[in-house]
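J.:
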Amino acid sequence: MSARRANLFVSLSLGAVLAGCAGAPGARSAADATAPVAFEHGLRPGVLRAGQAPPGWSLRERMAHYGVPGVAVAVLRGGQVVHAAGYGVREAGTNDRVDADTLFSVASVSKVATAGVALRLVAKGALDLDRDVNAYLTSWQVPPREGARPPKVTLRMLMSHTAGFGQHGFKDFQPGEALPTALQTLDGQPPAKHEPVRLLHPPGERFGYSGGGVTVEQVVLGDVSGRPLEALARAELFGPLGMRRSTFENPLSAARGNIAKAHDHHGRPRARPRGWEAFAELAASGLWTSARELGAYVAALLRSYRGEGGFLPRALAVDMMTEVSPGGYGLGPRLSGWGETRVFSHSGSNESYKAYIEGNLSSGDGLVVLTNGARGADLYDEIRNAIADAYRWPTRRALRAIAADQRDPLAARYAGPYELDAGIPQDWQRALNDSPPELRIAWQGGALTCAWGAQPEPLELVPIAPNRFVTTDRRALQFEFHRDGGPPGALTVTSEDARLFYRRKAPAPP
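Oh and the sequence shown: position 503 is 504 in our numbering, straight run, nothing missing.
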């Protein structure tokens, strides 16, 4: 690697460290008692424009705005759940109230629950994180890529999305549809709705978020234990933590009661007549749980990491909360931040349910947000901003833009096509899930925009420094343009600890 690229990487890394260490730690006080009321009336976006005051939206106002009938929340302080509550209704047009024990689909948050089950078996010596999983598999084997040597895929790779498998996610199943088995899922056989789950890249070479890889993990757990995931989770997770209502049962039986029903982007009930979809890929997206019980699991992970609880041995919990190169995930959760802002997190997104968990590894604080509407991700982002403000956490602080000069000649020079720099190693890139190979920056009407992959509309970029911009969507992607005395020749895009390096494309030859 050239000295120029190395210097660029060092400066970016140092900037990330300084940003993560900034700010005073949140202090517990009597204000904690009023924090639930404060967050219910303090929702806000992640980015505030120049001169914009925090809007102070109410939770109910934003639930109506996004068409999300029901929300459940749990808040943790010091590794304990201190607040758990429900808001709104389980089904639009009814008076069936959501409470802290209402069951929601949590989609890909299931992967973190599955990881806990797997690590309990590792702690007992039944599994080794770094052994070839083909040595454990009896009902299926990882097929090699065409023309490649037999692969060595490990449990550590599967849990951190570095095994090389495709199949990012899966489609939901509507009432009346047959569900595939785990093996049908892996081989893409009906009633599965996707192609076979196969290796796209050499194991360990790059990050690629893969629900397919987590399904391989599920089959490993079943073959080693001789039990289906539901029974294994009951023994290793739900039972030990008192999670009596949580389940991997799919389709979920109505007899369980107190279930949040599914709603579309307009807040209208869907998945009739039952009222909720089913999720055949259990380990990847099939968990049904409540805010109270999922909060108890987040708390158990935090206490294990801090050496204050016995769900996992501390050394194994630390391993779980350490990124596996070249990605930004540990053994299940995503990791981000530094020092007092060091957190693990995971989001979940099925068609009608959106969920989010987060735990601060330094303070033991954390949260759970569950929603039953297709636009719930935009809502839970505003909720976690409000909770961080109300409890005075050092994370999720509002990012304020600076005033833009509509005639800025420098910003106008940033416009142009950029392509992903293949010369930067994958473990430095830590690519985002939807990182496009090319970007087009445009200067339109005195503002910068970016055409981002398959996004239907260009992302608006607002300035936070003369050469730094941030998107106004919930991801708040940061764009830093690098200059060498002439026109900007490079661009870095960051989101939490993921980062992408782009080079300005050379003009096409005449």
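Each residue gets a CB set at the ideal place from its N, CA and C atoms; glycine is no exception.
What are the start and end residues of each continuous alpha helix (DSSP H) run of 4 or more residues lying completely inside the stretch 360-448, in chain order?
T.: The stretch 360-448 contains these whole alpha helix (DSSP H) runs: 377-391, 410-413, 427-430.
J.: Under the DSSP definition of a beta bridge, which residues are partnered with residue 533?
T.: Past the edges of the chain, shown from 2 to 511, lies residue 533, and the structure says nothing about it.
J.: Bridge partners of residue 355, per DSSP?
T.: On the sequence shown, position 354 is the one that residue 355 refers to. For residue 355, which the question treats as bridged, DSSP gives the partners 350, 372.
J.: Can you list, in chain order, the stretches of the alpha helix (DSSP H) that have 4 or more residues and sit fully within the stretch 228-286?
T.: If we require 4 residues or more, the alpha helix (DSSP H) runs fully inside the stretch 228-286 come out as 230-234, 283-286.
J.: What first and last residue would you give for the beta strand (DSSP E) that runs through residue 81?
T.: Working through the sequence shown from its first residue, we reach residue 81 at position 80. From DSSP, the beta strand (DSSP E) with residue 81 extends over 81-89.
J.: For residue 58, which residues from the same chain have a beta carbon less than 6 Å from its beta carbon, with the 5 sequence-adjacent residues on both sides left out?
T.: Stepping through the sequence shown from its first residue, residue 58 is reached at position 57. Same-chain partners within the cutoff: 44.
J.: What would DSSP say about residue 133, mapped onto helix, strand or coil?
T.: On the sequence shown, residue 133 is found 132 positions in, with the first residue counted as 1. Of the three classes helix, strand and coil, the one that applies to residue 133 here is strand, per DSSP.
J.: Please report the straight-line C-alpha distance between residue 328 and residue 234, rounded to a whole angstrom.
T.: Working through the sequence shown from its first residue, we reach residue 328 at position 327. Working through the sequence shown from its first residue, we reach residue 234 at position 233. Taking the straight line from one Cα to the other gives about 27 Å.
J.: With distance defined between alpha-carbon atoms, name the residue in 103, 317, 97 nearest to residue 120.
T.: In the sequence shown, counting from the first residue as 1, residue 120 sits at position 119. For residue 120, the nearest C-alpha among the options comes from 317.
J.: Confirm the yes/no value for this check: CB of residue 279, any heavy atom of the ligand COA, distance under 7 Å.
T.: Here there are no bound small molecules, and the ligand COA is not part of this structure.
J.: Quick one: is residue 152 buried, meaning 16 or more other Cβ sit within 10 Å of its Cβ, or exposed?
T.: As a position in the sequence shown, residue 152 is number 151, starting the count at 1. Answer is buried; the Cβ neighbour count reaches 16.
J.: Alpha carbon to alpha carbon, how far is residue 56 from residue 266?
T.: The sequence position of residue 56 within the sequence shown is 55, counting from 1. The sequence position of residue 266 within the sequence shown is 265, counting from 1. One C-alpha to the other measures close to 23 Å.
J.: Relative to the C-alpha of residue 88, which residue among 231, 292, 425 is closest?
T.: If you number the sequence shown from 1, residue 88 lands on position 87. Nearest of 231, 292, 425 to residue 88, Cα basis: 292.
J.: Helix, strand or coil, according to DSSP, for residue 464 in the structure here?
T.: In the sequence shown, the residue the question calls residue 464 occupies position 463. Correct three-state label for residue 464: strand.
J.: Exposed or buried, which one is residue 76 when buried takes at least 16 other CB atoms within 10 Å?
T.: As a first step, residue 76 is located in the sequence shown; it is residue number 75 there, counting from the start. Buried.
J.: Out of 91, 297, 321, which one is the CA nearest neighbour of residue 124?
T.: Position 123 of the sequence shown, counted from the first residue, corresponds to residue 124. The residue with the shortest Cα to Cα distance from residue 124 is 321.
J.: For residue 497, which of helix, strand or coil comes out of DSSP?
T.: Against the sequence shown, residue 497 aligns to sequence position 496. Looking at residue 497 - three-state DSSP - the assignment turns out to be coil, as it is neither helix nor strand.
J.: In the structure shown, what three-state DSSP assignment does residue 72 receive?
T.: Residue 72 sits at position 71 when you count from the first residue of the sequence shown. The answer is strand: DSSP assigns residue 72 an E or B state.
J.: Are the stretch 411-426 and the stretch 94-111 touching by the rule of at least three beta carbon pairs closer than 8 Å?
T.: No, because fewer than three Cβ pairs between the stretch 411-426 and the stretch 94-111 fall closer than 8 Å, the two stretches do not touch.
J.: Could you pull the start and end residues of the alpha helix (DSSP H) that residue 182 belongs to?
T.: Counted from its first residue, the sequence shown places residue 182 at position 181. No alpha helix (DSSP H) holds residue 182; DSSP gives it neither H nor E.
J.: Straight-line CA distance for residue 504 to residue 465?
T.: Indexing the sequence shown from 1 puts residue 504 at position 503. Indexing the sequence shown from 1 puts residue 465 at position 464. Each residue's Cα considered, the two are about 21 Å apart.
J.: Check residue 77 in the structure and name its three-state DSSP category.
T.: For the purposes of this step, residue 77 is taken as the residue at position 76 of the sequence shown. In the structure shown, residue 77 sits in a strand (DSSP, three-state: E or B).
J.: Enumerated in chain order, which unbroken segments of the alpha helix (DSSP H) with a length of 4 residues or greater are wholly contained in the stretch 96-160?
T.: Here the runs fully enclosed are 111-124.
J.: For residue 282, is the classification buried or exposed, using 16 other Cβ atoms within 10 angstroms of its Cβ as the cut-off for buried?
T.: Along the sequence shown, one-based indexing puts residue 282 at 281. Flag for residue 282 reads buried.
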